[in-house]
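Quick note, the sequence shown lines up with residues 34 to 283 if you use the working numbering. Idealized CB from N, CA, C, for every residue including glycine. The structure presented is a predicted model; accordingly, all values stated were derived computationally and were not measured. Reviewing the structure listed below.
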Amino acid sequence: MAARLEENDGVSKETYEPDDHILPQSWSTPVQQQEYQGRINLTQAPDLSSLSEAPPYCGYSFTDGPWKHALVALGIDPRQGPEYRIYKTYNFPYNYDPIIADPSFTSSLTVDISFPREVRTNHGNDSHIFDGYLLFNDDNVWQYCDISDDQLRRIWSTTTIRHSFCPRNGFFYNGKTAKLWEIMTDKVLTIRDGEEPAVDDYECLLDIPDDYKAGSRGRERKRYDRGFGQNYTRKQAFMRSLILKKAQSL
Numbered sequence: 034m035a036a037r038l039e040e041n042d043g044v045s046k047e048t049y050e051p052d053d054h055i056l057p058q059s060w061s062t063p064v065q066q067q068e069y070q071g072r073i074n075l076t077q078a079p080d081l082s083s084l085s086e087a088p089p090y091c092g093y094s095f096t097d098g099p100w101k102h103a104l105v106a107l108g109i110d111p112r113q114g115p116e117y118r119i120y121k122t123y124n125f126p127y128n129y130d131p132i133i134a135d136p137s138f139t140s141s142l143t144v145d146i147s148f149p150r151e152v153r154t155n156h157g158n159d160s161h162i163f164d165g166y167l168l169f170n171d172d173n174v175w176q177y178c179d180i181s182d183d184q185l186r187r188i189w190s191t192t193t194i195r196h197s198f199c200p201r202n203g204f205f206y207n208g209k210t211a212k213l214w215e216i217m218t219d220k221v222l223t224i225r226d227g228e229e230p231a232v233d234d235y236e237c238l239l240d241i242p243d244d245y246k247a248g249s250r251g252r253e254r255k256r257y258d259r260g261f262g263q264n265y266t267r268k269q270a271f272m273r274s275l276i277l278k279k280a281q282s283l
């Protein structure tokens, strides 16, 4: 169950729809509100067979946008103030589809494939935290406040923010969002593949402006954090292009 908060003359109302539905910018009708309230009886403890049934009793979630899939307490609208920017979410699409061998190829060798740096089970209360070293695959959504990796934290914790809400980036600028998404995606993939992310691969990319504006004809030749005669490595150049392309699309 998900909800959208909409305002009219200063009064907030909630529209509830199934979570897999992209909600329109409209209000629920009185009939829909009455039907929803009929399904939820707050005067007695609910008989819940699954934790997934509990969120509508204490909060709501957005099906799209900066706080997608985050559980928001009833009465709170994160779009109303920049102090809620740290609860913005990052969604990573895990893909562990097996590689199917060609039927014409046969081999007597058996190879065990593992991801040594990946933690596959929930350990304590830390599975929601991304520290840049271990990867828990029990979920694919992180809130910015739970990203403790030093480089990524330096991106989202700066005070260079928008003072008005943006439907795509919340209270962050396009460059900041692009840097965090692309760098974190690369780190997640690196850890998933059993390697350790190299700090030097990303450090120079942090100097890309938070509020990025493309150069003439959309081309950007500036070498951020590179002195005269210094060049990017192939990976740095590739990551830089991904970030600039993402920033231009936001």
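Neighbourhood of residue i by C-beta, 8 Å cutoff - its chain only, sequence neighbours within 5 removed
i	result
LEU283	ARG201, ASN202, ASN207, THR210 and ALA211
ARG186	ILE180
TYR177	ARG118, ILE119, TYR120, LYS121, THR122, TYR123, TRP189 and LEU213
LEU222	none
THR191	LYS209 and ASP243
Counted within 10 angstroms of its Cβ, other Cβ atoms place residue i as buried (16 or more) or exposed
i	result
GLN113	exposed
TYR166	exposed
ASP182	buried
CB contact flag (residue i, residue j, <8 Å)
i	j	result
MET272	ASP226	no
PRO99	LYS121	yes
TYR235	GLN184	yes
GLN19	ALA247	Residue numbering for the chain in the displayed model covers 34 to 283; residue 19 lies beyond these limits and cannot be assessed.
ASN173	PHE125	yes
Same chain, Cβ closer than 6 Å to residue i, five either side skipped, listed in chain order
i	result
PHE204	PRO115, ARG118, ILE194 and ARG195
ASP243	THR193, TYR206, GLY208 and LYS209
TRP175	TYR123 and PHE163
PHE198	ARG112
ASP233	none
Neighbourhood of residue i by C-beta, 7 Å cutoff - its chain only, sequence neighbours within 5 removed
i	result
TRP214	TYR123 and LYS279
PRO111	TRP100, VAL105, TYR117 and TYR120
Residue i versus the options, residue with shortest Cα-Cα distance
i	options	result
LEU239	PRO230, ILE216 and VAL221	ILE216
THR266	ALA231, CYS199 and ASP164	ALA231
CYS237	SER274, ALA103 and VAL221	SER274
Residue i Cβ short of 7 Å to the ligand SAM heavy atom set
i	result
ASN173	Annotation note on the ligand SAM: not contained in the displayed structure, which lists no ligands.
(request) Please list the segments of the alpha helix (DSSP H) lying wholly inside the region 153 to 241, counting only runs of 4 or more residues, in order along the chain. (result) 183 to 189, 207 to 225 and 233 to 236
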